[in-house]
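A short worksheet on the structure shown next.
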Amino acid sequence: MSLPSDVEQLTLELINRMRMDPTGEFDRLIASISPPTAVQSNITSAMNFFGVDLNVLQAQLASLTAVAPLAWNSNLENAATDHSQLMIDNDDQQHQFSGELELSGRVQLAGYTGWSALGENIYAYSDDPLYGHAGFVIDWGYDDNTDFDANNELKSNWQTLGDGIQDGAGHRVNIMNADFTEVGIGIIQETNSSTEVGEYVTTQDFGSRFSYQPQLLGVVINDIDNDDFYDIGEGMGGVTVSISDGTNTYQTTTWSSGGWQIEVPQGSYTITYSGGGLSADIVRLATLNNINVKVDVEAADAGTGFPTTGNDIVYGDTSNNLIDLLAGNDIFFGYGGWDTIIGGPGADTIDGGDGNDTASYSGSTVGVNVQLQYGITSGGDAAGDTLISIESLTGSNKNDILIGDANANTIRGANGNDFIKGLNGADKLFGDLGDDWLYADSLDTSVLGGGGIDRLIVVGSGGVTNAVGTTGIEIAVGNVGNDTFDGTGASADLTLSGLGGNDILTGGDGDDYLYGGSGADQLRGGAGLDRLFVDEADTVIDGGSGSEDRVIVQQLASASSGVTLNMAASNVEVAYGNLNDDTFNGSSSTDALSLYGRNGQDVLTGGSANDRLFGDNNDSATGDILNGGGGNDYLHGGANTSGWAERDQFVFDADWGNDRIFDFANNGAEKIDFSSIAGITQLSDLTITNGAGYAMISYTDGGGWSASIRVDGTTLGDFTNVDFIFV
Numbered sequence: 010m011s012l013p014s015d016v017e018q019l020t021l022e023l024i025n026r027m028r029m030d031p032t033g034e035f036d037r038l039i040a041s042i043s044p045p046t047a048v049q050s051n052i053t054s055a056m057n058f059f060g061v062d063l064n065v066l067q068a069q070l071a072s073l074t075a076v077a078p079l080a081w082n083s084n085l086e087n088a089a090t091d092h093s094q095l096m097i098d099n100d101d102q103q104h105q106f107s108g109e110l111e112l113s114g115r116v117q118l119a120g121y122t123g124w125s126a127l128g129e130n131i132y133a134y135s136d137d138p139l140y141g142h143a144g145f146v147i148d149w150g151y152d153d154n155t156d157f158d159a160n161n162e163l164k165s166n167w168q169t170l171g172d173g174i175q176d177g178a179g180h181r182v183n184i185m186n187a188d189f190t191e192v193g194i195g196i197i198q199e200t201n202s203s204t205e206v207g208e209y210v211t212t213q214d215f216g217s218r219f220s221y222q223p224q225l226l227g228v229v230i231n232d233i234d235n236d237d238f239y240d241i242g243e244g245m246g247g248v249t250v251s252i253s254d255g256t257n258t259y260q261t262t263t264w265s266s267g268g269w270q271i272e273v274p275q276g277s278y279t280i281t282y283s284g285g286g287l288s289a290d291i292v293r294l295a296t297l298n299n300i301n302v303k304v305d306v307e308a309a310d311a312g313t314g315f316p317t318t319g320n321d322i323v324y325g326d327t328s329n330n331l332i333d334l335l336a337g338n339d340i341f342f343g344y345g346g347w348d349t350i351i352g353g354p355g356a357d358t359i360d361g362g363d364g365n366d367t368a369s370y371s372g373s374t375v376g377v378n379v380q381l382q383y384g385i386t387s388g389g390d391a392a393g394d395t396l397i398s399i400e401s402l403t404g405s406n407k408n409d410i411l412i413g414d415a416n417a418n419t420i421r422g423a424n425g426n427d428f429i430k431g432l433n434g435a436d437k438l439f440g441d442l443g444d445d446w447l448y449a450d451s452l453d454t455s456v457l458g459g460g461g462i463d464r465l466i467v468v469g470s471g472g473v474t475n476a477v478g479t480t481g482i483e484i485a486v487g488n489v490g491n492d493t494f495d496g497t498g499a500s501a502d503l504t505l506s507g508l509g510g511n512d513i514l515t516g517g518d519g520d521d522y523l524y525g526g527s528g529a530d531q532l533r534g535g536a537g538l539d540r541l542f543v544d545e546a547d548t549v550i551d552g553g554s555g556s557e558d559r560v561i562v563q564q565l566a567s568a569s570s571g572v573t574l575n576m577a578a579s580n581v582e583v584a585y586g587n588l589n590d591d592t593f594n595g596s597s598s599t600d601a602l603s604l605y606g607r608n609g610q611d612v613l614t615g616g617s618a619n620d621r622l623f624g625d626n627n628d629s630a631t632g633d634i635l636n637g638g639g640g641n642d643y644l645h646g647g648a649n650t651s652g653w654a655e656r657d658q659f660v661f662d663a664d665w666g667n668d669r670i671f672d673f674a675n676n677g678a679e680k681i682d683f684s685s686i687a688g689i690t691q692l693s694d695l696t697i698t699n700g701a702g703y704a705m706i707s708y709t710d711g712g713g714w715s716a717s718i719r720v721d722g723t724t725l726g727d728f729t730n731v732d733f734i735f736v
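Quick note, the sequence shown lines up with residues 10 to 736 if you use the working numbering.
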């Protein structure tokens, strides 16, 4: 059996760390979103070169589902090492060289037969193992959809386009593929200055076999640098690993790299680590079902046991402990490390100690109410618990209430319809599955909705920026600050409300509702049939690429004037005014418009298509002005509700078509305006005939152009010069 070197063991640990906690991998690789900074300078340089959008990366990793760890396979390792050597020999990075078998043939030649799935990652130019791992996880590279022109030439400004992540993120997909159960890693250190490849030439061959049986696996380390993770030189070889189900005992020994694995029947086991430099035995529990299970220990764990279903006192250590206290009224002391403690049933006292510690109620069959700031723990497994030095929470799969405190909390709702609030601090809020309510302020660094219909509610006076199109938020409500909600990329229907402040609201591809609220807001609908609720202070109104986008003017208490809207420039097809005097100008529009002035003295102008104009009620002495423009239009002036005679003005220009007036008052105050048409100077220039319940006004000029107006509820005899405005 070809066993992993220390470098290959480190790479295996990095792969399994990513598979078991893909969301957490972002913080393990990225030190800062702004400015973009990774945990190593060479990773930062690569990200900046390709222009990686860290907000997109964070959302992508948060959307991934954890999968089981991979076991080592020596046959895959042999195939991987042979291919890495070929990349050195050819001084090039390729998946298949001339004369080389394809992946399936290579692994079978190496002895990996009966496979059901295969995949391969290669990187011939890695600086070091963590750099190579980051390259696979981030998948930095060219965006095929944005970086190249029609001739497949790289654009000069490619670094400013796209998100800097390869389309499809195939390397990351291989790492996170739940179908894979095994991996072989071949890493050759190439330091020859005459070659382009190196320093670490890496091939990762992933696979699964039809006959594969799940394994227990892990690593034993002497954590010299106290980072709670495997580093080169920390693996402890020669440790005896005994696995017992109470009847049968299975045994293996850790490799020189510190790793170990063993195939045992499915069931529950006590794992005992002994010898090999350990000062005392270490005992852990594990249950193996149909997927691999990873159980790691550190030399500092020597002498520690595992909780029972009784009332236990359990001590952690300086590593990152994952502790299930099981049933009983337990007491846990975490000391250092970033611990995750599952209290289980019973009134537990959980003291996380130093580090960012998480109280998890993932096993509770009833929803929990946990409020760190107020010391509230009730419902399900949380009932009676006392939480000390706990910074983060994970809810149950039911409907939970999870509230943080002044620390930088990470709160995950899991399944269920959860109420999540971080309070003060740079919090990270994750709704996960279910219809969640997430309350965030300007200090929070991540707010992701997950599955379901999720709501973001802004609290506090600071503005919040959230890319709701990629964070799984469907409903966002701002506050008095300047909020930015960007729905770009969302396929769901969004509802975005700015409330106070100068907000920027952008819809997605669905049928969105955008409410600017007070302030000088910018509203952009995007694709779909959008509804934009605006006021006179808003500076950008853009319906987007959808058809029949609507603008509704809000009647705010502070509104002293109406809204002036250029329909074509705003990409809007339907507009509703408010109680004030609105101007909707569609003269440049080629779309069919529907314009509703509602109350006030409104000026409504159609375009070249067949438009519908409704002045509706007004409370002024002058009435509305309706101009259908070109096309065959419907004009409805509306009633006057303030005691004035109806006095709307129906305006017709030289390009009018066959229009219709629904409610001409014929009272001498209401006017049909031909003043812009040189050929109509008096009543005799028009032809008026009677129809069934209407009069038809027709005009034909000397060039053969003709147009008409159907005026409902009138007859030929009703019209005199006083009803018209001529040149």
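Here a beta-carbon is modelled for each residue, glycine too, at the ideal position from N, C-alpha and C.
When the options are compared against residue i, the one with the closest alpha-carbon
i      : options                      : result
Thr454 : Ile340, Ile42, Thr20, Gly177 : Ile42
Leu21  : Val65, Pro45, Asn51, Trp81   : Trp81
Gly440 : Asn25, Ile412, Tyr140        : Ile412
Asn186 : Ser527, Arg719, Leu73        : Leu73
Leu532 : Ala546, Asp427, Asp551       : Asp551
Gly286 : Val248, Ile271, Arg293       : Val248
Glu243 : Tyr221, Asp305, Ser220       : Asp305
Residue i to residue j span [Cα, whole Å]
i      : j      : result
Ile686 : Ile484 : 50 Å
Ile734 : Ser717 : 16 Å
Gly519 : Leu508 : 22 Å
Asp15  : Leu402 : 35 Å
Tyr1   : Gly490 : It is not possible to answer for residue 1, since the shown part of the chain is limited to 10 through 736.
Val736 : Asp668 : 20 Å
Gly534 : Gly517 : 7 Å
Gly227 : Gln213 : 19 Å
Leu613 : Thr548 : 20 Å
Asp436 : Leu112 : 45 Å
Met705 : Asp444 : 58 Å
Gly652 : Ser451 : Reliability fails at Gly652, whose pLDDT of 47 lies under 50, so the model's placement of it is uncertain and the value that follows must be treated cautiously. Approximately 51 Å, taken between the alpha carbons.
Where the alpha helix (DSSP H) through residue i begins and ends
i      : result
Gly552 : Run containing Gly552: none; DSSP gives neither H nor E here.
Leu432 : Taken as a continuous stretch (DSSP letters only), Leu432 belongs to no alpha helix (DSSP H), as it is neither H nor E.
Phe189 : Premise fails: Phe189 is in no alpha helix (DSSP H) and is neither H nor E.
Thr479 : 477-480
Leu139 : 138-147
Min CB distance residue i to chain C below 7 Å
i      : result
Asn257 : Any reference to chain C falls outside this structure, which holds one protein chain only.
Which of helix, strand or coil DSSP assigns to residue i
i      : result
Val182 : helix
Glu86  : helix
Trp167 : helix
Asp214 : strand
Gly652 : Residue confidence is low: Gly652 scores 47 on pLDDT, short of 50, so the model does not pin down where it sits. Its coordinate-derived value is still stated next. If DSSP states are grouped into helix, strand and coil, Gly652 belongs with coil.
Asn51  : helix
Ala392 : coil
His104 : coil
Ala678 : coil
Gln67  : helix
Ala308 : helix
Asp228 : Correcting the residue identity first, residue 228 is Val in this sequence and not Asp. Residue state, collapsed to three classes: strand.
Asn730 : helix
Any non-hydrogen atom of the ligand NAD within 6 Å of residue i CB
i      : result
Leu163 : Only the bare structure without any ligand can be found here, which leaves the ligand NAD out of the picture.
Terminal residues of the beta strand (DSSP E) in which residue i lies
i      : result
Met29  : It is not in any beta strand (DSSP E) - Met29 instead sits in the alpha helix (DSSP H) that spans 15-29.
Ser113 : Where Ser113 is concerned, there is no enclosing beta strand (DSSP E), although the alpha helix (DSSP H) it sits in stretches over 112-118.
Phe542 : 540-543
Phe593 : 592-594
Ala126 : 124-135
Phe342 : 340-342
Ala704 : 703-709
Glu208 : Element bounds for Glu208: n/a, residue is neither H nor E.
Ile466 : 464-467
Val720 : 715-721
Beta-carbon proximity check, residue i vs residue j, cutoff 7 Å
i      : j      : result
Tyr1   : Ile194 : As shown, the chain starts at 10 and ends at 736. That puts residue 1 outside it, with no answer to give.
Gly216 : Leu85  : yes
Ile482 : Leu505 : no
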